[in-house]
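Trainee: First to last, the sequence lines map onto chains A and L. The opening position of the first sequence corresponds to residue 779 in our numbering, with each subsequent residue numbered one higher. The opening position of the second sequence corresponds to residue 53 in our numbering, with each subsequent residue numbered one higher. Using N, Cα and C, we set each Cβ at its ideal position, and we do this for glycine too. Next up is a structure, given as structure tokens.
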Amino acid sequence: MSFLPKSRKARRRLMAVAVAAPILAIGVGLSLYAMGDAAVFFYTPVQAHQKHVPSGRTIRIGGLVEKGSVSKSGDGRVMFAVTDRLATDKVEFKGDLPDLFREGQGVVAQGAYRDDGVFVAREVLAKHDEKYMPKEVSDALKKSGQWRGGPDGGASASGGSQRP
Amino acid sequence: MIAELGAFALVLAFALSAAQAGFSFAGRYWRNAALRGAGEGAALATLLTTATAFFALMVCFITSDFSVANVAANSHTDKPLLYKIAAVWGSHEGSMLLWNLALTGFGATVAIWGRDLPAGLKSLTIGVQGLLGLVFLGYTALVSNPFLRLAVAPVEGASLNPILQDPFLAIHPPFLYSGYVGFSVVFSFAIAALIEGRVDAAWARWVRPWALAAWSLLTVGITLGSFWAYYELGWGGWWFWDPVENASFMPWLVGAALLHSAIVTEKRGAMPGWTVFLGLLAFSFSMLGAFLVRSGILTSVHAFAVDPKRGSILLGILAVAAGSGFSLFAWRAPMLKAGGLFAPVSREGALVLNNLFLATAALIVMTGTLYPLGYQAATGQPLSVGAPWFNLTFAPLMAVVLFILPAGTMLSWKRADALGAVQRLWAAGLAAVAMGTGGLLLVQTKTAFAAIGLALGGWLIAGALAELAFRVRLGKAPLTESLRRLRHLPRASFGMTLAHIGVGVFVLGASVETHGRIEAARAVAVGESVQVGQFTLTLSDVASVEGPNYTAERGTVRVTSASGDTFLKPERRFYPANRQTVSQVAIQSHGPSDLYVVFGERREAQGKPSWLIRAYWNPWARLIFGGPLLMALGGAISLSDPRLRLAAGARARATAIAGAKA
């Protein structure tokens, strides 16, 4: 055991590093590995089309709920369209829409495209606060020049005072 | 008038915390008892004035004084009294006031109960606590003042978000904040010890009760919040790995690590630097949480009181407080004397392993929470990191540490006999294997993960009981001897057993609920039914009802199962003051399992009105919340152990002196 340091203190320190390093390495490795699979990207419809997001891959899409596009069927399914004014996606969702879901307002849905191009949402995100505009959506609309709301981001992007 | 009194008290508290810090540091510097006493008096006065401000705000809410901007924005005359009071901490300004109340409260508690502390350490702790108070009271008084008046008072207030009008959410913030802010005392103790340059067993003994109290309160706070999300949001889930949840979870993990490392420092004098580091880290994570939740920098399902401008000030506070703490640590920590040596296989060794895993887990939660921020800043591409990522990274790490846990408790200090520990655990191992295979065969789970979870839960509970049995020499000694030993066991060891059983109970609940949940959703007309698991739910009636500040559609759902018929009444409430609809879930408990029914919106199906009914069968869901409550109870029992109480040493000394005189 001559390659070990002589002093007990140094030996103990070596031991601590020898135990801590693999645990940390596993932790870091695991998180980076998982990030490749489990991170969910956010796109607006036009970005998703440009990136050719493959069907079946979990993403979030966000935009405005197109007016008059919401149809609710008896079996619990809801269809609506999400638009960023450059492109529009049909979204299908089975379940109760969040209480703040409204036509003409911002929405974020998590799910995947089906082969026929319909976005099947597993989750339509609810926000508890009173601003009906998710941050990603207002940022994306501002970037593409489609933002028509107030400068504070709190107003509705459809322009009118749409507080229901 | 009351609002002005509150505003005045708040500014006074701000000034007093400056006095608290000044007198305390001066008292330490000149070793002057009068100055030290003045510092302690100022700490008490800071608490009194902050409490005055807090109750003044409460009076404004109770009397619905809408000339106060904060009341007008968050209250309404129709609201029940409980929610008028809860609205005090329902907004950004009010919640910061609650934070300050907890902060000054803990400072004053150190002044009152810390009689046994060395004078220098005590003064420095109270002084640092005063500095923290100065920063946070200053923030509240200057940029987040809840007492600002409106030029024209509205006739009616905007009311509190109805989703927050819930008894559990009313008591959730006080617990959560006491937990968050409780770590400030540990932070102050750590800074004081670094200034004094001495961290020894006595220091760890003084710090441990504070860490234990803060951690137990935080546990209760998180559990209440999770239970609220479970039954109020109506999604059937209880933990979403949402940034706001993670913000509370990071200090919890670090706090759990701190509890264990403080034991090592107390019993063996080892790892003083690491314990101090965790003490600094726990409150830094608390402050990071306060920033993340309020700045709106991360998209969260329950972001709260979002205000980016003030968020950046909070970030500044975090940077200054945590930054100076860690700089002091980098400067002074090398001077700390490292104590007791120990072999790798020993109680200390096991606790070091526990700490490594818990700290890595906290690091992972932080990575997952902040990664979207960094990624978006670097590439401009927004993304989110959700439950799948945390299930892949956090869960396996925790599984390993929980697997080691029962063995760790069986090891003795300094140098242990690993083989002996394994022998003592054979019964627990058998129980775990039995539960795992039983789970595979009986619970009809789809994945092996549920079986692993069951085995792990069984292992933890049986392991904790085996440790207790070993301590009282059950079976090795006569029963009367075992009972006598049981009576004389210190409460702290009961606390440990209970907390570890709580971990096992939680693991059982979480694995069974996650893998055994059954879900059904269907739009039904009156008379039609939905099938979920062994239950048939028939919508038998829909009625309109009037609440105090809402109107609701109430569905009457007949639940038919082998054991007969029962009725559930879920509601869908509309709050006119907020123009918002909220579901009121109906939950029927079957032992530890829940039948969970959500009454959805009205739809037309084949010309008939119908309602969307979502139903979940959540097996063993109650264990998910019961487990953490057991952990917190374990913490409270440990805390009641006379050995841990601060004044105990003084009392023991007094008796010794009295004994010597007699």
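Within the same chain, show all residues whose beta-carbon is closer than 6 Å to that of residue 160 of chain L, passing over the 5 residues directly before and after it, in chain order.
Mentor: Result list for residue 160 of chain L: 95, 96, 99, in chain order.
Trainee: Using a Cβ-Cβ cutoff of less than 6 Å, which residues in the same chain neighbour residue 590 of chain L once the five nearest sequence positions on both sides are dropped?
Mentor: 581, 610
Trainee: Are residue 686 of chain L and residue 548 of chain L close, meaning C-beta to C-beta below 8 Å?
Mentor: yes
Trainee: Tell me the rounded alpha-carbon separation between residue 908 of chain A and residue 212 of chain L.
Mentor: With a pLDDT of 47 at residue 908 of chain A, under the threshold of 50, the modelled position of this residue cannot be trusted; read the value that follows with caution. Roughly 11 Å separates the two Cα atoms.
Trainee: Does any residue of chain L have a CB that is nearer than 8 Å to the CB of residue 838 of chain A?
Mentor: yes
Trainee: Can you tell me whether DSSP reads residue 468 of chain L as helix, strand or coil?
Mentor: coil
Trainee: Buried or exposed: where does residue 236 of chain L fall if 16 or more other Cβ atoms within 10 Å of its Cβ makes it buried?
Mentor: The residue in question, residue 236 of chain L, is buried, as its Cβ has 16 or more Cβ neighbours within 10 Å.
Trainee: With distance defined between alpha-carbon atoms, name the residue in L/124, L/281, L/83, L/200 nearest to residue 220 of chain L.
Mentor: L/281
Trainee: Let's test the definition: count the other Cβ atoms within 10 Å of the Cβ of residue 278 of chain L and tell me whether it reaches 16, buried, or not, exposed.
Mentor: buried
Trainee: Enumerated in chain order, which unbroken segments of the beta strand (DSSP E) with a length of 3 residues or greater are wholly contained in the region 527–599 of chain L?
Mentor: 570–576, 581–584, 587–598
Trainee: For residue 540 of chain L, count the other beta carbons within 10 Å of its own beta carbon; 16 or more makes it buried, fewer makes it exposed. Which is it?
Mentor: exposed
Trainee: To which residues of the same chain is residue 145 of chain L closer than 6 Å at the C-beta, ignoring the five residues directly before and after it?
Mentor: 122, 196, 198
Trainee: Identify each residue in the region 799–831 of chain A for which the Cβ-Cβ distance to at least one residue of chain L is less than 7 Å, and report them in chain order.
Mentor: Cβ contacts with chain L: 801, 802, 805, 808, 809, 812, 813, 816, 817, 818, 819, 820.
Trainee: Check residue 897 of chain A in the structure and name its three-state DSSP category.
Mentor: strand
Trainee: Does the count of Cβ pairs from the region 661–671 of chain L and the region 565–577 of chain L closer than 8 Å reach three?
Mentor: Segments in contact, yes.
Trainee: Do residue 343 of chain L and residue 363 of chain L come within 8 Å of each other at the CB atom, strictly closer than that value?
Mentor: Closer than 8 Å, so yes.
Trainee: Look at the alpha carbon of residue 488 of chain L and the alpha carbon of residue 499 of chain L, and state the distance between them as a whole number of angstroms.
Mentor: One C-alpha to the other measures close to 12 Å.
Trainee: With a threshold of 8 Å between beta carbons, is residue 924 of chain A in contact with chain L?
Mentor: Not one chain L Cβ lies under 8 Å of residue 924 of chain A.
Trainee: Give me, in chain order, the residues of the same chain whose beta-carbon lies closer than 7 Å to that of residue 60 of chain L; leave out the 5 immediate sequence neighbours on both sides.
Mentor: none
Trainee: Below 8 Å between beta carbons: does that hold for residue 465 of chain L and residue 260 of chain L?
Mentor: no
Trainee: Could you check whether residue 209 of chain L and residue 128 of chain L sit closer than 8 Å to each other, using their CB atoms as the reference points?
Mentor: yes
Trainee: Go ahead and label residue 82 of chain L buried or exposed: buried means 16 or more other beta carbons lie within 10 angstroms of its beta carbon, across all protein chains shown.
Mentor: exposed
Trainee: Beta-carbon separation of residue 624 of chain L and residue 653 of chain L under 8 Å?
Mentor: yes
Trainee: Report yes or no: is there a C-beta of chain L within less than 8 Å of the C-beta of residue 872 of chain A?
Mentor: At least one chain L Cβ lies under 8 Å of residue 872 of chain A.
Trainee: For residue 819 of chain A, does the three-state DSSP call read helix, strand or coil?
Mentor: strand
Trainee: With H, G and I counted as helix, E and B as strand and the rest as coil, what does DSSP make of residue 397 of chain L?
Mentor: coil
Trainee: Would you say the region 470–478 of chain L touches the region 850–868 of chain A, given that touching needs at least three Cβ pairs under 8 Å?
Mentor: No: fewer than three Cβ pairs fall under 8 Å.
Trainee: For residue 72 of chain L, I'd like the list of residues in its chain whose CB is within less than 6 Å of its CB, leaving aside the five on either flank, ordered along the chain.
Mentor: Setting aside the 5 residues that flank it on each side, residue 72 of chain L is surrounded in the same chain by 91, 94, 95, 98, 182, each with a C-beta closer than 6 Å to its C-beta; the list follows chain order.
Trainee: Taking only beta-carbon positions, decide if residue 90 of chain L is within less than 8 Å of chain A.
Mentor: no
Trainee: Any idea if residue 525 of chain L is buried or exposed, counting beta-carbon neighbours within 10 angstroms, 16 or more meaning buried?
Mentor: exposed
Trainee: Counting contacts by CB-CB distance shorter than 8 Å, is residue 860 of chain A in contact with chain L?
Mentor: no
Trainee: Looking at C-beta atoms only, is the number of pairs between the region 500–519 of chain L and the region 549–566 of chain L that lie closer than 8 Å three or more?
Mentor: Judged by Cβ distances under 8 Å, the region 500–519 of chain L makes contact with the region 549–566 of chain L, as three or more pairs qualify.
Trainee: Can you name, in chain order, every residue of its own chain whose Cβ lies under 7 Å from the Cβ of residue 135 of chain L, other than the five neighbours on each side?
Mentor: 212, 217, 222
Trainee: Since residue 214 of chain L and residue 124 of chain L are thought to touch, with beta carbons under 8 Å apart, how far apart are those beta carbons, to the nearest angstrom?
Mentor: The pair is not a contact, with the Cβ atoms about 17 Å apart (cut-off 8 Å).
Trainee: Per the contact definition of three or more C-beta pairs closer than 8 Å, is the region 303–313 of chain L in contact with the region 400–417 of chain L?
Mentor: Judged by Cβ distances under 8 Å, the region 400–417 of chain L makes contact with the region 303–313 of chain L, as three or more pairs qualify.
Trainee: Take the Cβ of residue 346 of chain L as the centre, count every other Cβ of all protein chains shown within 10 Å, and call the residue buried at 16 or more, exposed below.
Mentor: So residue 346 of chain L counts as buried.
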